[in-house]
Amino acid sequence: MTNTTSTLEEIISQEYQHGFETAVEADAIPRGLSEETVRVISAKKNEPEFLLEWRLAAYRRWLEMTPPEWASVHHPAIDYQDIIYYSAPKSQKDGPKSLDEVDPELLKTYEKLGIPLHERAILAGVAVDAVFDSVSVATTFKDKLAEKGIIFCSFSEAVQHHPELVRQYLGSVVPVQDNFYAALNSAVFSDGSFVYIPPGVRCPMELSTYFRINAKNTGQFERTLIIADRDAYVSYLEGCTAPMRDENQLHAAVVELVALENAQIKYSTVQNWYPGDKEGRGGIYNFVTKRGDCRGAHSKISWTQVETGSAITWKYPSVILRGDHSVGEFYSVALTNHRQQADTGTKMIHMGKNTRSTIISKGISAGHGHQAYRGLVRIARAATGARNYTQCDSLLLGDKCAAHTFPYIEVKNASAKVEHEASTSRIGEDQLFFCRQRGLSAEDAVSMIVNGFCKEVFKELPMEFAVEAQKLLGVSLEGSVG
Amino acid sequence: MLIIKDLHASVGDKPILKGINLEVKAGEVHAIMGPNGSGKSTLSNVLAGRENATVTSGSVLYQDRDLLALDVEERAREGVFLAFQYPVEIPGVGNVYLLKAALNAQRKHRGLPELDAMDFLALVKDKMKLMEMNETMLYRSVNEGFSGGEKKRNEILQMAVLEPRLAILDETDSGLDIDALKIVANGVNSLRAPDRSMIMVTHYQRLLDYIKPDYVHVLAEGRIVRSGGPELAHELEKHGYAWIGDEPAGAEVKHGS
């Protein structure tokens, strides 16, 4: 007879499948951070004066700040002078005009990750702005989108071609002084995606970016800005995997979303960065600031995330419900296995009248995984008729993991309605035995139970993404469920 | 079909089964009765392969194979089915999904092609009529929010779909009112077949009024202390389990057929 626990542990202890490094020459600047570093980055990217000033202001604010300590995560102090703040694949220098010109090594990397750009993008109707290290290497469908007036490009390109939009919106949702990592990002951000949907336009395809961290010891400081003008709609997908490595890597991205009147933004993430080995060595530190601003009345922003990777996740995709009747949603599945730690959740800031928000958070802990849901629901004095519904469920696999819930609720308007439900359960030996007694293998049973647990979130993901997410969850739990 | 020889098993350090001997032939229905704590559930669990009970000695042959050497899921795919006393709930997993996954796992194991959604639905809807179940139950999460009776009917539905060779019904009558009991019993009776054996584990004789066993065995303190025909159940009903306890130790009867 096999032992259930050990079967589960086998499943959980599967090695990361996307661990490899591509041999591409990188154009990197020396380690360390100073005002000079910021100037070099800005100069390399040929940025306008206002942006350099903005970066420098952020850098100066950052110097006065200290890393947050309230999160329920533990890691050695990060030496910010031991990080390379800029690296671009060399082959990018002349700028590929088409996929044919893209370094075959890079393309191979994507192939290995199961992302054959050309085929997949066309088949799935997805435009892909692939970020390899810090510079975008290939952007597809740009022309098709341009016909509708949609701008979908790398952040650097946006700075060159649409500086007025960048200037108007950059930092307007996440100000430079927002938090330690956001300030750092603002000072040294390398590249990212930029999306602008003009008034009344419904973006005809899912926009997608595959982030990938590659060059060794290169901090990643992505900056993404998405603006949906009046009556516009866009669905944006972000997914990522990273190669195996031994040193911890810092990733401090900032994503800003702006939805004007009656606009809708749907932002979906599947995150699968290297989580470290079974003992927790290596792995990505993912300290991300994601925030959406429902600036106009009747606007809507939805965050959907499936977080399975990273050694440490610190992430709270939030929505500021400024416009009356605006809607914020947060659907999250976070999985921690081995020694992974996650402190994640959301903030819903209700400012406008009759604003509504929904939070569905599903946390799964396995192995020695450690997870916290941290959520804030704030109803401002003016937010008459605001409503929030929060549901937080935790699932524990095995007896060495942990789950915590820290809900913060601040209500300053008596007409508000705020509901919070929470549950913690364990994949019971009972459930597992029942499924196996019906003929399912332990792996299939665990995968089925976990996917059932996450169903409410998966149904919010675009179809292909949902399928990927389910697979990813299966893989991430292989050898682990107990 | 099944030959149990001198089976000893412990839960933790505590010996529960202390030398079970039983033979079940194809097509036979055996009832195993006994007071609480006599080892009935442990016997069901050991046969199904649950890890919380450890076999310390003895053997179990199932279709001439060493049953104890097989994993839980292998036993299931080989046709061993356990109807649970307390069916578990699996939130978010559709009943129909579990049934299909289970049936296809079994078919794959037997080298049969997997059923597609259409064929499967036709099959399962047919079986549901038998259990007088509403089709909406297919799309609800496994046992979630089911009444006690619905859960038990759902167990027998799974049995009907999986068509086991050896079915072990663990306290299938517990928690059922008389109407639900009749439906469940009808379902079970319709599944009796010359190539299918059943072991019914029950505390009360009530179930045996609806599902007539070929043999009745009385389990006490980890041993089968008495075996007989259906009339044995009636005697038990009349005298209670204390009557068995009066038997001198070692009065174990030859059982099976």
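So the sequences go chain by chain: B and P.
Take 1 as the starting number for the first sequence in the numbering used here and just add one per residue.
Take 1001 as the starting number for the second sequence in the numbering used here and just add one per residue.
C-beta: ideal position from N, C-alpha, C; glycine also.
Just so we're clear, the structure is a prediction, and the values are computed from it rather than from any experiment.
- Residue pairing by DSSP puts Q371 (chain B) in a beta bridge opposite B:A342, B:A403.
- Remark: C-beta atoms of A1185 (chain P) and Y1215 (chain P) do not approach each other more closely than 8 angstroms.
- Here DSSP, grouped into helix, strand and coil, assigns F330 (chain B) to strand.
- Within chain P, no residue has its beta carbon less than 9 angstroms from that of G352 (chain B); the closest one is some 33 angstroms off.
- The three-state secondary structure of Q177 (chain B), taken from DSSP, is coil.
- Listed along chain B are Q431, I449, G452, each with a C-beta nearer than 7 angstroms to that of I1090 (chain P).
- Annotation for H1234 (chain P): the continuous alpha helix (DSSP H) segment containing it runs 1231-1239.
- Contact of Q437 (chain B) with chain P by beta-carbon distance below 7 angstroms involves A1048, V1072, A1076, L1082.
- Inter-segment contact for the region 1222-1231 of chain P and the region 1167-1174 of chain P is absent: fewer than three beta-carbon pairs are separated by less than 8 angstroms.
- Per DSSP, the beta-bridge partners of V1024 (chain P) are P:L1002.
- Looking at the backbone, the Cα of L170 (chain B) and that of E1074 (chain P) are separated by about 59 angstroms.
- When 8 angstroms is used as the limit between beta carbons, S1141 (chain P) is near these residues of chain B: G452, in chain order.
- DSSP places C392 (chain B) in the uninterrupted beta strand (DSSP E) bounded by 387-396.
- Ranked by Cα distance from V327 (chain B), the options B:L335, B:K347, B:I301 are led by B:I301.
- A Cβ of chain B is located within less than 8 angstroms of the beta carbon of L1098 (chain P).
- Cβ-Cβ distances below 7 angstroms link V411 (chain B) to I379, V418 in the same chain, with the five nearest sequence neighbours on each side left out; the list follows chain order.
- Between L225 (chain B) and S268 (chain B), the C-beta gap is not smaller than 8 angstroms, which leaves the two residues out of contact.
- When the beta-carbon positions are compared, I1156 (chain P) and V1024 (chain P) stay at least 8 angstroms from each other.
- Chain B has a Cβ within less than 8 angstroms of the Cβ of Q1106 (chain P).
- The three-state secondary structure of D1126 (chain P), taken from DSSP, is helix.
- Take G283 (chain B), set aside five residues on each side of it, and the residues of its chain with a beta-carbon closer than 7 angstroms to its own are N248, Y274, P275, G276, S310, A311, in chain order.
- Out of P:R1050, P:V1046, P:Q1063, the CA that lies nearest to the CA of S1057 (chain P) is found in P:V1046.
- Secondary structure at T384 (chain B): coil, using DSSP grouped into helix, strand and coil.
- Taking every protein chain shown into account, the CB of Q1106 (chain P) has 16 or more other CB atoms within 10 angstroms, so this residue is buried.
- The straight-line gap separating the alpha-carbon atoms of S87 (chain B) and K44 (chain B) is approximately 10 angstroms.
- Around the beta carbon of Q81 (chain B), a 10 Å sphere encloses fewer than 16 other beta carbons of the protein chains shown; the residue is thus reported as exposed.
- Under a criterion of Cβ atoms nearer than 7 angstroms, the residues of chain P adjacent to K455 (chain B) are, in order, G1092.
- Annotation for R1153 (chain P): M1131, E1132, M1133, A1180, I1183, V1184, G1187 place their beta carbon closer than 8 angstroms to its own, counting only its chain and skipping 5 residues before and after.
- Interface flag for A1160 (chain P) against chain B is unset, since no Cβ pair is found closer than 8 angstroms.
- Rounded to the nearest whole angstrom, the CA to CA distance from H251 (chain B) to H338 (chain B) is 20 angstroms.
- In chain order, R438, G439, L440 make up the part of chain B whose C-beta sits under 7 angstroms from the C-beta of A1102 (chain P).
- V1096 (chain P) is positioned such that its CB atom lies no closer than 8 angstroms to that of K1127 (chain P).
- Exposure of N1036 (chain P) is indicated by the presence of fewer than 16 other C-beta atoms within 10 angstroms of its C-beta.
- Nothing from the region 394-422 of chain B brings a Cβ to less than 9 angstroms from some Cβ of chain P.
- Any Cβ of chain P closer than 8 angstroms to the Cβ of G363 (chain B) would place that residue at the interface, and such an atom is absent.
- Every alpha helix (DSSP H) of 4 residues or more that sits fully in the region 146-204 of chain B is shown, in chain order, as 155-161, 163-169, 180-188.
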